[in-house]
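> One structure follows; several queries about it will come next.
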Amino acid sequence: MSQEIEIGLGKKGRLAYSLDDVAIVPSRRTRDPQDVSTTWQVDAYEFDIPVLGAPMDSVTSPKTAIAMGKLGGLGVLDLEGLWTRYENPEALLQEIAELPAESATRRIQEIYAEPVKPELITQRLHEIRDAGVTVAGALSPQRTQQFSSTVIDAGVDLFVIRGTAVSAEHVSTTHEPLNLKQFIYDLDVPVIVGGAATYQAALHLMRTGAAGVLVGFGGGAVSATRGTIGVHAPMATAIADVSEARRDYMDESGGRYVQVIADSGMGKSGSFVKALALGADAVMLGTPLARADEAPGHGKHWGAEARHAELPRGFRADVGTVAPLQEILNGPSHQPDGRTNFVGALRRAMASTGYVDIKNFQRCGVVVTPFAKA
0 MSQEIEIGLG
10 KKGRLAYSLD
20 DVAIVPSRRT
30 RDPQDVSTTW
40 QVDAYEFDIP
50 VLGAPMDSVT
60 SPKTAIAMGK
70 LGGLGVLDLE
80 GLWTRYENPE
90 ALLQEIAELP
100 AESATRRIQE
110 IYAEPVKPEL
120 ITQRLHEIRD
130 AGVTVAGALS
140 PQRTQQFSST
150 VIDAGVDLFV
160 IRGTAVSAEH
170 VSTTHEPLNL
180 KQFIYDLDVP
190 VIVGGAATYQ
200 AALHLMRTGA
210 AGVLVGFGGG
220 AVSATRGTIG
230 VHAPMATAIA
240 DVSEARRDYM
250 DESGGRYVQV
260 IADSGMGKSG
270 SFVKALALGA
280 DAVMLGTPLA
290 RADEAPGHGK
300 HWGAEARHAE
310 LPRGFRADVG
320 TVAPLQEILN
330 GPSHQPDGRT
340 NFVGALRRAM
350 ASTGYVDIKN
360 FQRCGVVVTP
370 FAKA
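Right under this line is the structure:
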């Protein structure tokens, strides 16, 4: 049962939990970590690890998307980022990393005012495809109709539509909104769409034919969404709600399975593991991958929210560098701080609860521990 709290005489609110509020409980059966499987599959594409690199310029470049693919994950390139606005964005990435905090947002807005160029979208996606890894690119809902044909013609394998809050029923009096259901029906590639944070919103997105739904609003460590527009999604509750929507949609659709992908607040391996235990099939990582030695942000991290011309809802953060991408994903760890060896942590948690694959791991026991440290 949902628990409602009376905020005042005229308003009640549902009690919701963050990932820090829950913990995984070991079971009576355990396994060896090497005996568990961390594979993940969406449509016809299978991956060794349930990790997507977030479509953020500080996280995923064509080079790091290729590296992610070779390490068994999926790098998603932001097709409205610097790599599709500038032929050689390396100097601008370095400039953003070195900007004083007080002037960073204004300068980022200026840099991203350069138009997106369709020929660069094609060029970047071809670079990734030529390396022999799965190709994934992301657009915002506002740019999807404008550039989708370019993306498809370039040969993308997976198409991601990612925004702060994406709905299947967007209404506008000033322009013709994206008909998400028709758009997905007309495409020849699987579409992952989000963010969503409620049962109903996720169920409607699943009914559009999406292959996957992103849970959360992305950019947790660099997001100012809660402070600017008051929107926030406690991730433990959001993932559990969307997972229930997936189960009900399976019954409704006669067995069609939609991937649930957690997309916010995964700065440490413990949160990553708990997101999967609560029902996610995979996790989109931002901050952890921005800390990689190879990350294009040079130790700084920012997302699309920081570049909005009128109401930026994000900022550039200093996350530092901790290890090569290989060690962040697969270890070994040299510090017990949850910033490296994410897949090793998942294997250990699965072994401790006795489950051999991620779908079964979603059934593991959890407890609520409000205000506990992560």
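Reading the sequence shown from the start, the letters are residues 0 to 373 in the numbering used here. Glycine included, C-beta positions come from ideal geometry on N, C-alpha and C.
If you reduce the DSSP assignment to three classes, tell me which class ASP187 lands in.
Residue state, collapsed to three classes: coil.
> Taking just the CA atoms, how far does TYR198 sit from TYR248?
Straight-line Cα distance between these residues: approximately 11 Å.
> List, from N- to C-terminal side, the alpha helix (DSSP H) runs of 4 residues or more that fit wholly inside the region 205–285.
Entirely contained in the region 205–285, the alpha helix (DSSP H) runs reaching 4 residues are, in chain order, 224–228, 234–252, 268–276.
> Return the chain-ordered list of same chain residues with a C-beta closer than 6 Å to the C-beta of VAL227, the five sequence neighbours on each side being excluded.
At residue 227 the sequence reads Thr, which differs from the Val that was named. ARG312, listed in sequence order.
> Kindly list the residues whose CB is nearer than 7 Å to the CB of LYS69, restricted to its own chain and excluding five residues on each side of it in sequence; keep chain order.
For LYS69, where only same-chain residues beyond five positions count, the Cβ hits under 7 Å are VAL132.
> Around the Cβ of ARG315, are there at least 16 other Cβ atoms within 10 angstroms (buried) or fewer (exposed)?
Under this definition ARG315 is a buried residue.
> Return the chain-ordered list of same chain residues with a C-beta closer than 6 Å to the C-beta of ILE6, the five sequence neighbours on each side being excluded.
The answer, listed in chain order, is GLY12.
> Please report the distance separating the alpha-carbon of VAL35 from that of LEU275.
Distance between the alpha carbons of VAL35 and LEU275 is about 14 Å.
> In this structure, does DSSP put ILE48 in helix, strand or coil?
Coil at ILE48, not helix or strand.
> From the DSSP output, in three-state form, read off ALA15 for me.
Residue state, collapsed to three classes: coil.
> Kindly indicate which three-state DSSP category ALA137 falls into: helix, strand or coil?
DSSP places ALA137 in strand when its eight states are reduced to three.
> Can you tell me the Cα-Cα spacing of VAL366 and THR352, whole angstroms?
Cα to Cα, VAL366 sits roughly 13 Å from THR352.
> Would you identify the three-state DSSP class for LEU177, choosing helix, strand or coil?
DSSP places LEU177 in coil when its eight states are reduced to three.
> Please name the residue or residues paired with GLN377 in a DSSP beta bridge.
Shown here, the chain extends from 0 to 373; a query on residue 377 therefore has no answer.
> Does the region 26–40 come within contact of the region 265–274, defined as at least 3 CB pairs closer than 8 Å?
Too few Cβ pairs lie closer than 8 Å, so no.
> Is any beta-carbon of chain C found at less than 7 Å from that of MET265?
Absent here is chain C; the protein component of the structure consists of one chain.
> Could you give the residue range of the beta strand (DSSP E) that holds PHE158?
Element bounds for PHE158: 157–161.
> Please report how far the alpha carbon of TYR16 lies from the alpha carbon of GLU118, in whole angstroms.
Cα to Cα, the separation comes out at about 44 Å.
> Going by other Cβ atoms of all chains shown within 10 Å of its Cβ, with 16 needed for buried, is HIS203 buried or exposed?
Buried, since its Cβ has 16 or more Cβ neighbours within 10 Å.
> According to DSSP, is ALA350 helix, strand or coil?
Helix.
> Taking ILE127 as the reference, give the member of ALA137, THR63, ALA244 with the closest Cα.
If we check each option's Cα against that of ILE127, THR63 comes out closest.
> With a 10 Å radius around its C-beta and 16 neighbouring C-beta atoms as the bar for buried, classify ILE4 as buried or exposed.
Exposed: under 16 other Cβ atoms inside 10 Å.
> Under 8 Å: do the region 287–300 and the region 90–97 share three or more Cβ pairs, one atom per stretch?
In short, these stretches touch, since the Cβ pair count reaches three.
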